[in-house]
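Note sheet for the following structure.
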Amino acid sequence: MKQQANLIRAGQVIEHDGRRWSVLKQQIITPGKGGAFIQVEMRDLTTGNKTNERWRTADTVERLMTEDKDYTYSYEDGDNIVLMDPETFEQVVLHKDFFGDQLPFLQDNMALNVKLVEGDPVGVTLPPNVTLEIVEADPVVKGQTASSSYKPAVLSNGVKTMVPPFIEAGEKVVVRTEDASYVERAKVKS
Numbered sequence: 002m003k004q005q006a007n008l009i010r011a012g013q014v015i016e017h018d019g020r021r022w023s024v025l026k027q028q029i030i031t032p033g034k035g036g037a038f039i040q041v042e043m044r045d046l047t048t049g050n051k052t053n054e055r056w057r058t059a060d061t062v063e064r065l066m067t068e069d070k071d072y073t074y075s076y077e078d079g080d081n082i083v084l085m086d087p088e089t090f091e092q093v094v095l096h097k098d099f100f101g102d103q104l105p106f107l108q109d110n111m112a113l114n115v116k117l118v119e120g121d122p123v124g125v126t127l128p129p130n131v132t133l134e135i136v137e138a139d140p141v142v143k144g145q146t147a148s149s150s151y152k153p154a155v156l157s158n159g160v161k162t163m164v165p166p167f168i169e170a171g172e173k174v175v176v177r178t179e180d181a182s183y184v185e186r187a188k189v190k191s
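For the sequence shown, my numbering gives the first residue as 2, with consecutive numbering after it.
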């Protein structure tokens, strides 16, 4: 379906120059002179290459309709990730590159949402937060105030993050899968 370029949003799938693209970022730019335009960073769904494109806000682009389907993470097989449909138990194999920066946050039996265009996977969404253990954390520097300073730490999946000074190695914390930022100390289940 056709839509105006100024309505493009991250996560949408569009068709441009005969190829399918997943929109990563968009920004409307209004220069001091001349009309506004939209700058879009997008990834080719077949090759994985990224590009930037500019359109005037009045231009139209072809937006492809996506279907959301829930899957469960099963296992890793070499350079591939195997997902399972929880209803039909069919398996889908996706390359690790498909997950980008979110790959380290995959956990056994994690529920994922996969966007499909005409049955082909075009995007994957992990849960917004995951609970991981801190395996390494810098010691607290005396005199630091808890409100303004965070210290570097390493999560059990190898990703580096910043945590408040009271968090120590061995503790479990909740982090965002989007940017690996600290959310809160994990609640202890009793």
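Virtual Cβ for every residue (Gly too), placed ideally from N, Cα, C. Predicted, not measured: the structure shown is a model, and the values here were computed from it.
Fully enclosed beta strand (DSSP E) runs of no fewer than 3 residues occupy 38 to 45, 51 to 57, 61 to 65 and 68 to 78 of the segment 21 to 84, in order along the chain. Using a Cβ distance threshold of 8 angstroms, T126 and A187 do not count as a contacting pair. The three-state secondary structure of Q103, taken from DSSP, is helix. Between N50 and Q40 a beta carbon distance of about 17 angstroms is seen, past the 8 angstroms cut, so the two are scored as non-contacting. Per the DSSP secondary-structure output, I135 pairs in a beta bridge with L156.
When the five nearest sequence neighbours on each side are left out, the beta carbons in the same chain lying within less than 7 angstroms of the beta carbon of L65 are those of V14, I15, E16, R21 and V118, in order along the chain. Taking 8 angstroms as the cut-off, the beta carbon of Y74 is found closer than this to the beta carbon of L113.
For G124, the enclosing beta strand (DSSP E) begins and ends at D121 to T126. Residue pairing by DSSP places N110 opposite no residue, since no beta bridge is assigned to it. Counting along the chain, E16 sits inside the beta strand (DSSP E) bounded by residues V14 to H17. For K161, the beta-bridge partners assigned by DSSP are V155. Taking a contact as a CB-CB distance under 8 angstroms, the pair A138 and K152 counts as one, their CB atoms being some 7 angstroms apart.
DSSP places K188 in the coil class of the three-state scheme, outside both helix and strand.
At the C-beta level, P128 and T48 stay beyond 8 angstroms of one another. Counting C-beta atoms within 10 angstroms of its own C-beta, I168 has 16 or more neighbours from the protein chains shown and is therefore classed as buried.
By DSSP's assignment, K116 forms a beta bridge with D69 and G124. Beyond the five residues adjoining it in sequence on each side, K173 comes within less than 8 angstroms, by CB distance, of T132, L133, E134, I135, R186 and A187 in the same chain, given in chain order.
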